[in-house]
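Every letter in the sequence shown is one number past the one before it in this note's numbering, and letter 169, counting from 1, is 169. Virtual Cβ for every residue (Gly too), placed ideally from N, Cα, C. Just so you know, these numbers come straight off a predicted model, no measurement behind them. What follows is a single structure, written as C-alpha cells, with notes after it.
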Amino acid sequence: MEQRVERTPSTDKSRWLLAGTPARAVPRPRLRVTEYSGPAFFRSAVAFPRKVEDHVRPALYRAGKMDTYTAARLSWTVWALSLALTAFSILLLSLNQSHNAYVFDYWIENTLIAVACSTVGTVIVSRRPENLIGWLFCVIGLLSGARHFCAEYAAYASLEAPGSLPGGEALTWISSWAWVLNLGLYVFLGLLFPNGQLPTSRWRWIAWLGATVVLMGTILVAFSPGPIYGLGSIQNPLGIESMNNAVDLVEALLLTLELVAATSLFMRLRHAKGVERQQLKWVTYAAAVAV
Numbered sequence: 001m002e003q004r005v006e007r008t009p010s011t012d013k014s015r016w017l018l019a020g021t022p023a024r025a026v027p028r029p030r031l032r033v034t035e036y037s038g039p040a041f042f043r044s045a046v047a048f049p050r051k052v053e054d055h056v057r058p059a060l061y062r063a064g065k066m067d068t069y070t071a072a073r074l075s076w077t078v079w080a081l082s083l084a085l086t087a088f089s090i091l092l093l094s095l096n097q098s099h100n101a102y103v104f105d106y107w108i109e110n111t112l113i114a115v116a117c118s119t120v121g122t123v124i125v126s127r128r129p130e131n132l133i134g135w136l137f138c139v140i141g142l143l144s145g146a147r148h149f150c151a152e153y154a155a156y157a158s159l160e161a162p163g164s165l166p167g168g169e170a171l172t173w174i175s176s177w178a179w180v181l182n183l184g185l186y187v188f189l190g191l192l193f194p195n196g197q198l199p200t201s202r203w204r205w206i207a208w209l210g211a212t213v214v215l216m217g218t219i220l221v222a223f224s225p226g227p228i229y230g231l232g233s234i235q236n237p238l239g240i241e242s243m244n245n246a247v248d249l250v251e252a253l254l255l256t257l258e259l260v261a262a263t264s265l266f267m268r269l270r271h272a273k274g275v276e277r278q279q280l281k282w283v284t285y286a287a288a289v290a291v
C-alpha cells in the first residue's frame, strides 16, 4: 500500500510534514544555524529554533562573560595575596636587619619577581583567561612571595626570637623545598610561551621530564639534611641524616631543563611572525640580560 506525502509551502514560522492519514500533522520547526560571536571558548556553530535563539544567545554571552569575570577576580586575588606576602616579608626583613639576624640571600630577586610576575599574569588573565601563560605568571609571583615570606619568617623565628612565633618550624621546612617548585615553573614558562602550547609534539617528553624532576626533586629536597638553600646555617628540621643532600643535584637538573626550555624560545623565534615574534624578542632579550 503506497503512502502519499504532501507538503505545504513553507512559512516563516514552521514547516509541516504530512505523513499517513491527512488527520495527523507533525510540526517540525525550522532551524537556523547561527555562528556565535561571544568569547572564544563558547564560540561554536549552534542550531536553535528561531523563537529560542533570541533567548539562548544572550544567555551564552552572559555565561562566557561571567567566566571571564571570575577568572579576572581570581587573578586579582592572587595579585593582592602576592603583594601582601611581599609586604610582610619586607617587614620581617627589616626586623632581621635591625637585630643583625640572618637575611634571606635572594630577597631582592623574590621581591621583584613577586611584584612583576603577579602583575603581568593578572593583566594577561584579565584579557585572555584561556592562555596558560597568564596563570603561570600568577603562580610564579605567588610562589616567590610565599617563598620570601617563609624564609624571612624562618630566619626571624629561628635566629632572632626562638620560640616566639608560632609555626616557625613548619615554615622553615616549607622554605627548604619551595624553591624547587619556583624554579620548575620557569621550565614550563619557557616551553609554553607565548600561546600556552608546546612548540611541537616532540617537546612533550621534555614537559613530562620537567614535571618528573620537579616532583621527585621536591620530595628529595624536603627531606635532605643540612642547611636550607639561601638561609645560611639554618637546618632542615625534617632532614633525614641517612640521606645524601640532593640540593646540588636537583638545582643542576632544573638549570639544565631551563636552558633546554630557553632553546625552545629561540626555535619559535626563527619561525614566528608578527606580534608573536615581537613577544618572543622581548622575552629572549630579558632572558639574556638575566643570565
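Can you list, in chain order, the residues of its chain whose CB lies under 7 Å from that of residue i, leaving out five sequence neighbours each side?
i           : result
residue 22  : Confidence at residue 22 is low in this model, with a pLDDT of 49, below 50, so its placement is unreliable and the value that follows should be read with caution. Same-chain partners within the cutoff: there are none.
residue 191 : 198, 203, 206, 207, 261 and 264
residue 220 : 246 and 250
residue 120 : 137
residue 273 : none
residue 267 : 199
residue 243 : 223, 224 and 225
For residue i, does the three-state DSSP call read helix, strand or coil?
i           : result
residue 197 : coil
residue 31  : Unreliable placement is indicated for residue 31, whose pLDDT of 45 sits below 50; no coordinate value is reported for it.
residue 16  : With a pLDDT of 39 at residue 16, under the threshold of 50, the modelled position of this residue cannot be trusted, and the question is left open.
Given a cut-off of 8 Å on the beta-carbon distance, is the pair residue i and residue j in contact?
i           : j           : result
residue 234 : residue 227 : yes
residue 145 : residue 82  : yes
residue 141 : residue 117 : yes
residue 176 : residue 236 : yes
residue 210 : residue 180 : no
residue 104 : residue 169 : no
residue 165 : residue 178 : no
residue 143 : residue 182 : yes
residue 111 : residue 75  : no
residue 194 : residue 109 : no
Assuming residue i is part of the alpha helix (DSSP H), what are its boundary residues?
i           : result
residue 110 : 107 to 127
residue 223 : Segment: none, residue 223 is in no alpha helix (DSSP H) and carries neither H nor E.
residue 182 : 168 to 192
residue 239 : Per DSSP, residue 239 belongs to no alpha helix (DSSP H) and is neither H nor E.
residue 154 : 132 to 155
residue 259 : 247 to 271
Grab me the residues of residue i's own chain with a C-beta within less than 8 Å of its C-beta, minus the 5 sequence neighbours each way, in chain order.
i           : result
residue 77  : none
residue 196 : 130, 131, 132 and 133
residue 113 : 140, 141 and 144
Here's a check: name, in chain order, each residue in its chain whose Cβ is nearer than 6 Å to the Cβ of residue i, leaving out the five neighbours to either side.
i           : result
residue 149 : 85, 88 and 89
residue 71  : 125 and 129
residue 174 : 150
Our contact map puts residue i next to residue j with C-beta atoms below 8 Å; I'd like the distance itself, whole angstroms only.
i           : j           : result
residue 136 : residue 189 : 5 Å
residue 269 : residue 280 : 5 Å
residue 213 : residue 259 : About 13 Å separates the two Cβ atoms, so there is no contact after all.
residue 93  : residue 107 : 6 Å
residue 139 : residue 185 : 6 Å
Please check if any C-beta of chain C sits within less than 8 Å of the C-beta of residue i.
i           : result
residue 119 : Considering every chain present, this structure includes no chain C. It has just one protein chain.
Can residue i be considered in contact with the ligand NAD, in the sense that its beta carbon sits closer than 7 Å to one or more heavy atoms?
i          : result
residue 98 : Summarising the ligand content, the structure contains no ligands, and the ligand NAD is consequently not present.
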